[in-house]
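Residue numbers (UniProt numbering): 1 to 519.
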């Protein structure tokens, strides 16, 4: 019997010779998986020209509200009126209604165009905001919240309004303001009010959270201070319930219901968040601040990684803040998408015996980094470093940019995209007195589902076309530009974004408005 070693050798030789005696197999090329290319359309809004840059636009209930900005020449602001445009609903070529809302205070005062603070008054101490540019706004409910900007006699001063947040009510078409107060958290009580430092060319977003608040707790045997929480005293009382107040279905007491109704906007809810920008004195910022509308308290959130910058692209999606780009004083930023998780904290205010809620950050910023870019540097130890997740080789990214448009859109099926478009690609050598070079592209980043990892998403460039094939004016879209204002259309069209104005490469301020729709 052959030894085991010899048997093993002959078996190995037999197997190695098999490829020489087998017939050649035809080569088969497997098809590559289809690469989805997102598509979108551009439609020019039929409305009178409103040339401006460094302005704001917000959309509430189908109406776009434009405020502030620089006019025909640099550092020449437009008035402090609201310019309102009733947007068409999915109608190519339909004209939009346009009207002007003069600045008027909720308390009854009126603004007079480019009004200035009175003698001895601090800037912004009036009843309506003065004309400005480089401010930032966001929407909660039916109200528009605004912070910061530049104004004053020479229009070069950063407006220091001591943390004041201006509020425009789209229902009454009037202005009011919220000045910050001391924190009510137990560990912060008794401290002087803290607020975000004055700034311009920053960015802002808003979230409707927190929008539920704990009622004052009442002991079951306590009277007077609230409703007794013990069970009904009798079967009859349980059956009748609150019929004495609201009636029965066949005979409702409507007046009482209306009398007891509350306006959620007036009650106050939600959080207004600002980030980055240019500080008074010339420096730039990387800090993030959250203003709780109900309590009127500013809270500082973690600062973002990398260099301080202004003109960042900033949006909120699925309880996360997203940041891209910006100008660091020397060049445009790019190659990184920064993400910060938000949570709602509840706590006992130890004053009224009730619970309060506030939005805060969970952990620090995380950074999704382009494959050939360097991860952001940090002086912190390894346990506190931002998470750097790299996309694979061959993945494409939008180029570095600032003063661009970025917004989150829902397109059905639970899918949500971040849409980034336009913006400045190279700064001017003459600073704010001249224009740089601009992008005219559109990109989308699919937001991972709740519980998914940020790195699961990726950037894709959008192919665009005119909304109406016969609309020659919309064939090329808005063209290269930056310093634009933009806002998602919300309930009017969930897949739409309005872009207004901006600056082109000839340093001309543009007055046209466009609707981008993601297919």
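Note that beta-carbon positions come from the ideal geometry of N, C-alpha and C, so glycine has one too.
Item	Value
Same chain, Cβ closer than 7 Å to residue 310, neighbours up to 5 away in sequence not counted	201, 202, 276, 277, 278, 284, 326 and 327
Local Cβ density within 10 Å of residue 509, reported as buried at 16 or more and exposed below that	buried
Simplified DSSP assignment, three categories, for residue 531	With the chain represented from 1 up to 519, any question about residue 531 goes unanswered, as that position is not in the structure.
According to DSSP, residues forming a beta bridge with residue 267	None; residue 267 has no bridge partner.
Residue ranges of each alpha helix (DSSP H) within the segment 45 to 112, 4 or longer	none
Cα-Cα separation between residue 211 and residue 319, rounded to whole angstroms	14 Å
Distance, residue 313 Cα to residue 135 Cα	14 Å
Beta strand (DSSP E) segment containing residue 195, residue limits	Here residue 195 belongs to no beta strand (DSSP E), and DSSP marks it neither H nor E.
Beta-carbon contacts of residue 107 that lie in its chain and below 8 Å, excluding the five residues immediately before and after	127 and 176
Beta-bridge partners of residue 529, as assigned by DSSP	Residue 529 is absent from the structure shown; the chain starts at 1 and stops at 519.
Opposing strand residues paired with residue 426 [DSSP bridges]	437
Pairwise C-alpha distance: residue 57 and residue 483	12 Å
Beta strand (DSSP E) segment containing residue 444, residue limits	442 to 446
Bridge partner(s) assigned by DSSP for residue 146	137 and 166
Distance between beta carbons of residue 333 and residue 306, contact taken as under 8 Å	7 Å
Exposed unless 16 or more other CB atoms sit within 10 angstroms - verdict on residue 161	buried
Residue of 435, 473, 462 and 450 minimising C-alpha distance to residue 53	435
When 290, 291 and 208 are compared against residue 270, the one with the closest alpha-carbon	208
Identity of the residues DSSP links to residue 277 by a beta bridge	285
Member of 358, 44, 157 and 78 whose CA lies at the smallest distance from the CA of residue 289	358
Length of the line joining the Cα atoms of residue 339 and residue 302	11 Å
Rounded C-alpha distance that separates residue 362 from residue 321	11 Å
Distance between residue 445 and residue 395 (C-alpha atoms, nearest Å)	12 Å
Inter-residue spacing [alpha-carbon to alpha-carbon] between residue 486 and residue 171	21 Å
Cβ-based neighbour list, residue 197, same chain, cut-off 7 Å, excluding 5 preceding and 5 following	279
Minimum Cβ-Cβ distance from residue 106 to chain B less than 7 Å	Looking at the structure shown, chain B is missing, and only one protein chain is on hand.
Residue 417 classed as buried or exposed, judged by whether at least 16 other C-beta atoms fall within 10 angstroms	buried
Counted within 10 angstroms of its Cβ, other Cβ atoms place residue 330 as buried (16 or more) or exposed	exposed
Through-space distance from residue 343 to residue 423, alpha-carbon basis	31 Å
Boundaries of the beta strand (DSSP E) in which residue 461 is found, first to last residue	459 to 461
Assumed close pair residue 65, residue 168 - CB separation to whole angstroms, cut-off 8 Å	7 Å
Pick from 489, 488 and 465 that is closest to residue 478, judged by C-alpha positions	465
Distance between residue 75 and residue 156 (C-alpha atoms, nearest Å)	7 Å
Closest residue to residue 146 among 40, 437, 298 and 272 (Cα-Cα distance)	272
7 Å Cβ cutoff met for residue 62 and residue 516	no
Residue burial classification, residue 49 (beta-carbon count within 10 angstroms, cutoff 16)	exposed
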